[in-house]
Each structure stands twice: as C-alpha cells, then as structure tokens.
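All remarks here apply to the structure that follows.
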Amino acid sequence: SAVISQKPSRDICQRGTSLTIQCQVDSQVTMMFWYRQQPGQSLTLIATANQGSEATYESGFVIDKFPISRPNLTFSTLTVSNMSPEDSSIYLCSVGEGAGAFFGQGTRLTVV
Amino acid sequence: DQQVKQNSPSLSVQEGRISILNCDYTNSMFDYFLWYKKYPAEGPTFLISISSIKDKNEDGRFTVFLNKSAKHLSLHIVPSQPGDSAVYFCAANYGKLTFGQGTILTVHP
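If you read the protein sequences in the order shown, they are chains A and B. Under the numbering used here, the letters of the first sequence match residues 8 to 119, in that order. Under the numbering used here, the letters of the second sequence match residues 37 to 145, in that order.
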C-alpha cells in the first residue's frame with residue numbers, strides 16, 4: 008500500500024491566478040497520476056508524471072495550463088494556471104494502477 | 037464521449053437490504069473493471085475488481101457481475117450497512133483507468 012499526502016485540501020482562488028497542488032508519497036514510485044473531477048462528472052486523467060522526464064498529458068489537457076513537476080520519486084506538483092471558474096474541481100493525485108491504485112484525499116478548488 | 041457511465045447519481049437503501057450499483061461501458065477493449073469507494077474528504081479506495089474473462093467475482097458482502105454482451109457491470113452489496121454509505125465509482129482499464137461519474141449510496145438504519 009501507499010500513503011499519499013496531498014495539500015492543500017481545499018482553496019478558494021481568484022480568477023486569473025494560479026494554484027500549485029502538492030502530492031507526497033511515503034514510498035518511491037515510478038509514475039504518479041493527476042486526475043480532475045468536475046462537479047457531476049467522472050474522474051478524468053490529466054497527466055502521468057514520470058521522474059526525470061516531461062509529463063504525458065491526456066487529450067484535452069496541455070502543459071501550459073497544467074504544468075507538472077516531478078523532482079524525485081516521492082513528490083509531484085500540479086499547477087492550475089490562469090484559473091477560471093470552469094477550473095473549479097476536485098484534483099487528485101494517485102500512484103499505482105488498477106487494483107493497486109491509491110489516491111490522495113484530493114484538493115477541492117473553487118475559483119471565484 | 038463518456039466511455040464509462042453510471043446513470044444513477046444516487047441510491048438509497050434500507051440497512052440489511054441489497055444495494056445494486058450499475059455501470060455501463062462502450063469500449064469492448066476494456067480488459068479489467070474495478071469499483072472504488074470514496075468517503076467525503078478522502079481519496080477513492082479500491083473495493084473489488086473483475087477481469088473481462090470472468091462474469092462474477094465475490095468478496096464477502098461485495099459481488100461484482102460482468103455482462104460483456106450488454107457491456108454492463110454491477111456491484112451488489114448484501115447486506116447493506118450504514119458504513120457502506122459513500123460514493124462508488126466504477127472504472128474500466130485499457131492501458132489507463134476510465135472512471136464513471138460515481139453513485140452516492142446512502143444506507144439508512
């Protein structure tokens with residue numbers, strides 16, 4: 008198993024600003040995943056973060072809007088840039104895959 | 037195009053009765069299906085899974101059924117308990133996980 012600490016747990020931000028979300032894992036992992044859940048929608052994969060290389064983004068998500076850092080095997084950050092109200096969502100980091108996937112508690116972001 | 041759908045946003049069940057949560061999918065390439073449970077202010081946690089080559093998997097009070105011809109997945113909880121009240125997500129795997137929207141289950145004492 009893995010213990011994932013994600014922060015902040017929630018934030019209210021002004022439009023046009025940026026927020027960086029941090030994800031810390033208690034063990035070394037090769038891949039970390041960032042998801043978004045918009046209100047009433049499913050969990051959607053934003054990108055996969057690999058240590059030592061650029062993140063791989065899913066269709067509909069771009070690096071300029073969601074830059075990701077992965078400085079080591081236990082830590083990653085996701086930045087939501089130039090925020091608009093449409094970015095109001097829960098953002099989750101995850102490690103592992105399938106039955107072995109573990110999630111952080113999520114960051115509830117409200118953009119006003 | 038949503039490949040995994042949970043059409044019931046919520047479900048309310050009496051304690052001791054059966055809870056049935058449903059999930060439909062469109063991509064026949066999915067090879068593995070999972071259910072996750074999420075409590076408020078916590079991340080989703082893995083509950084139970086089923087391979088596409090099976091039609092049933094049971095783990096205690098939880099049973100997942102897969103109907104490949106109908107592209108339909110269901111989770112049965114019996115007997116339901118108040119502690120089962122949570123959001124349940126189904127997910128399908130084909131290289132990556134694709135999630136449904138979630139169903140809020142409320143089990144009343």
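For every residue, glycine included, the Cβ atom is placed at its ideal position computed from N, Cα and C.
*Got a sec, what are the start and stop residues for the beta strand (DSSP E) Gln-50(B) sits in?*
For this step, residue 50(B) is matched to residue 14 along the second sequence. Start and end: 46-50.
_Short CB-CB distance (under 9 Å) between Gln-29(A) and chain B_ = Here the question's residue 29(A) lines up with position 22 in the first sequence. So no, Gln-29(A) is outside the interface.
_If you reduce the DSSP assignment to three classes, tell me which class Ala-56(A) lands in._
Walking along the first sequence from the start, residue 56(A) turns up at place 49. The DSSP-derived three-state label of Ala-56(A) is strand.
*Name the residues in the stretch 40-74 of chain A whose C-beta lies less than 7 Å from a C-beta of chain B; which are they?*
So the list reads Gly-47, Gln-48, Ser-49, Leu-50, Leu-52, given in the order they occur along the chain.
*asked:* Taking DSSP's pairing of strands, which residues face Ala-128(B) in a bridge?
replied: Here residue 128(B) refers to the residue found at position 92 when the second sequence is read from its first residue. Looking at the DSSP assignment, Ala-128(B) forms a beta bridge with Phe-69(B), Thr-134(B).
*Nearest-angstrom beta carbon gap, Leu-52(A) and Gln-44(A) [assumed within contact, 8 Å]*: Taking the first sequence and counting its residues from 1, the one referred to as residue 44(A) is at position 37. Taking the first sequence and counting its residues from 1, the one referred to as residue 52(A) is at position 45. Contact flag wrong, Cβ pair sits at about 11 Å.
*Expressed to the nearest angstrom, what Euclidean distance is found between the alpha-carbon atoms of Gly-138(B) and Pro-80(B)?*
Indexing the second sequence from 1 puts residue 138(B) at position 102. Indexing the second sequence from 1 puts residue 80(B) at position 44. Their Cα atoms are separated by approximately 11 Å.
_Considering only DSSP beta bridges, list what Tyr-61(B) is partnered with._
Here the question's residue 61(B) lines up with position 25 in the second sequence. DSSP output for Tyr-61(B) lists Val-40(B) as bridge partner(s).
*In terms of DSSP beta bridges, what is Arg-115(A) paired with?*
Numbered from 1 along the first sequence, position 108 holds the residue referred to as residue 115(A). BP columns for Arg-115(A) point to Arg-17(A), Ile-97(A).
*For Thr-84(A), I'd like the list of residues in its chain whose CB is within less than 6 Å of its CB, leaving aside the five on either flank, ordered along the chain.*
In the first sequence, residue 84(A) corresponds to position 77, counting from 1. So the list reads Thr-27, Gln-29, Ser-76, once near-sequence residues are dropped.
*Gly-96(B) versus Asn-79(A) - alpha carbon distance*: Against the second sequence, residue 96(B) aligns to sequence position 60. Against the first sequence, residue 79(A) aligns to sequence position 72. Answer to the nearest angstrom: the Cα atoms are 39 Å apart.
*Out of Ala-106(A), Val-118(A), Arg-115(A), Val-102(A), state which residue places its alpha-carbon closest to the alpha-carbon of Trp-41(A).*
Numbered from 1 along the first sequence, position 34 holds the residue referred to as residue 41(A). The alpha carbon of Trp-41(A) has as its nearest neighbour, out of Ala-106(A), Val-118(A), Arg-115(A), Val-102(A), the alpha carbon of Val-102(A).
*asked:* Between Tyr-124(B), Ala-128(B), Thr-99(B), Ile-113(B), which has its C-alpha nearest Thr-62(B)'s C-alpha?
replied: Numbered from its first residue, the second sequence carries residue 62(B) at position 26. Ranking the options by Cα distance to Thr-62(B), first place goes to Ala-128(B).
*Quick one: is Asp-67(B) buried, meaning 16 or more other Cβ sit within 10 Å of its Cβ, or exposed?*
Residue numbering aside, residue 67(B) sits at position 31 when the second sequence is read from its first letter. Classification for Asp-67(B): exposed.
*Decide if Gln-112(A) is buried, meaning its Cβ has at least 16 other Cβ atoms within 10 Å, or exposed.*
Start at 1 with the first residue of the first sequence, and residue 112(A) comes out as number 105. A buried status is given to Gln-112(A), since no fewer than 16 other beta-carbon atoms sit within 10 Å of its beta-carbon.
*asked:* Taking the alpha-carbon of Ile-113(B) as reference, which of Gln-39(B), Gly-52(B), Val-40(B), Phe-82(B) has the nearest alpha-carbon?
replied: Here residue 113(B) refers to the residue found at position 77 of the second sequence. Of the candidates Gln-39(B), Gly-52(B), Val-40(B), Phe-82(B), the one whose C-alpha sits nearest the C-alpha of Ile-113(B) is Gly-52(B).
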